[in-house]
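Reviewing the structure listed below.
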Amino acid sequence: MGGVADLEWVAAVDAIRALGPDDEVQLICHVNPDGDALGSMLGFGLGLRRLGVTRLRATFPGRFEVPVPYRELPGSELLVADEDAYRNPALIMIFDVAAESRLGDLVSLLPSAPAVIVLDHHASNTGFGGINLVAPRAAATSVVAEALLSRLGVPLDAEIAECLYVALSTDTGSFKFDLTTPEVHQLAARLIATGISPAEISRRIFDTRPFGAMKLSGEVLGRARLDVTAAGGRGVVWTYATTADLEKYDQKPYVLESLIDPVRSVAEADVAVLVKEMTAGEWAVSLRSKGAVDVSAVAVALGGGGHRLAAGFTGRGTPEEIVQQVKDLLDVNLTK
Ligand code: AMP
Ligand code: MN
Ligand code: MN
């Protein structure tokens, strides 16, 4: 797999094979976990189970709330709140995390751990693990997870496959995005061959939402604004959602995750921005480009990260101020 040195694969396999029957293993994925974070972590966790690892927990930093679409993932029984993570595990494995800042308080577990393996696919990955399985050309972390399971001799079964399929299909936008290579479809074929139902999984993950979430999306999309002159004339379209919006429709923040998709479909803009209020004055900002602009450069400049065409950061101020910061940086990046 492109980007991962053979030595790193060997070190990862050795570290896992060296585990004793009583050794504790802690799995961690990024804050506000998405389908790839949870799917690759739980899918790999089930694989470790098949290898006989029994002292196994999975967690993510922050509020212990799994987005509704992912609650039925196989392996969910491995999930614990971050304060219940093993304090001194023999091995830590980290999924879909580009930088330690995405680990919250759990970062404190790393220095004393005998082994830390990072599985990721962000070009911006800082290499903070002891063993780094980072494949920037991989469409999802689940691609890396499956490659490691294969090297460990763990066969795919329907439970592992469901987790990895959710991860793969969410991070590729249902096999539509950049990096949807022949290898991605070959992996999908191997996963589907275990007997999982892509139709049932896709309906649950992508095509099911509460009535209130649909109404909320109408309101948020209704206030979108288009600036065709921004980003050097490539155009920026943006909107925002507040905690008050969520309260009005009695919805949880996860329902906002997919809202960037209709925004980025706007023909007149290359760049789409969705500004989501997390707590008072603090916003999770999603950036997307159709291809003309490297939005990860903007996100990194504002303290975040991500991929060339899909990135994010934490913003402060009003949505207008945050979007102005993005536009200013886009102008700088396009003119240099
Ligand atoms: P999202 O817009 O939340 O779907 O995120 C798109 C991409 O940007 C993902 O690959 C995330 O890992 C990355 N990303 C989003 N928010 C942040 C952040 N605050 N810091 C670093 N990376 C982020
Ligand atoms: Mn992710
Ligand atoms: Mn990912």
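Per this note's numbering, the sequence shown starts with residue 234, numbered consecutively.
We treat Cβ as the ideally placed atom computed from N, Cα and C, and that holds for glycine.
Between the beta-carbon of residue i and the beta-carbon of residue j, is there less than 8 Å?
i: V572; j: D478; result: Not covered by the structure: residue 572. The range shown for the chain is 234 to 569.
i: D411; j: L542; result: yes
i: F297; j: A270; result: no
i: A318; j: T292; result: yes
i: P300; j: Y482; result: no
i: F382; j: S273; result: Note on identity: in this sequence residue 382 is Leu, with Phe being the wrong assignment. Taking 8 Å as the Cβ cut-off, L382 and S273 do not qualify as a contacting pair.
i: L366; j: E241; result: yes
i: L342; j: L311; result: no
i: E510; j: T476; result: yes
i: P576; j: Q484; result: This structure does not reach residue 576, given that the chain is present from 234 up to 569, and the question cannot be answered.
I think residue i touches residue j, with their Cβ atoms under 8 Å apart; what is that distance to the nearest whole Å?
i: G363; j: A348; result: 6 Å
i: L562; j: V531; result: 5 Å
i: D329; j: D353; result: 6 Å
i: T427; j: A391; result: 5 Å
i: Q259; j: I350; result: The Cβ separation is near 11 Å, so there is no contact.
How many Å lie between residue i and residue j at the Cα?
i: D460; j: V469; result: 5 Å
i: L283; j: G455; result: One point to set straight first is that residue 283 is Arg, not Leu, in the sequence displayed. Using only the alpha carbons, I get a separation of about 49 Å.
i: E433; j: I393; result: 16 Å
i: V377; j: P552; result: 36 Å
i: P388; j: D527; result: 38 Å
i: R335; j: F408; result: 26 Å
i: T287; j: A356; result: 33 Å
i: A373; j: A513; result: 32 Å
i: V264; j: P294; result: 5 Å
i: D564; j: S450; result: 30 Å
i: P322; j: A502; result: 48 Å
i: V237; j: R384; result: 13 Å
Strictly by DSSP, which residues pair up with residue i?
i: Y473; result: V508
i: R458; result: W471
i: C262; result: F328
i: D353; result: V367
i: F546; result: V518
i: G445; result: Per DSSP, none; premise fails for G445.
i: L576; result: Here the chain has residues from 234 to 569 only, and residue 576 is not among them.
i: G539; result: A544
i: L389; result: Per DSSP, none; premise fails for L389.
Using the beta-carbon of each residue, find all residues closer than 5 Å to any heavy atom of ligand 5 and list them in chain order. As presented, the structure is devoid of ligand 5, carrying ligand 1, ligand 2 and ligand 3 as its sole ligands.
Would you mind listing the alpha helix (DSSP H) stretches within the stretch 473-500 that are 4+ residues and don't spill past its ends, in chain order? As far as the stretch 473-500 is concerned, its whole alpha helix (DSSP H) runs of at least 4 residues are 476-481, 493-497.
Kindly provide the ranges of any beta strand (DSSP E) runs that are 3 or more residues long and lie completely inside the stretch 392-421, ordered along the chain. No beta strand (DSSP E) of 3 residues or more sits fully in the stretch 392-421.
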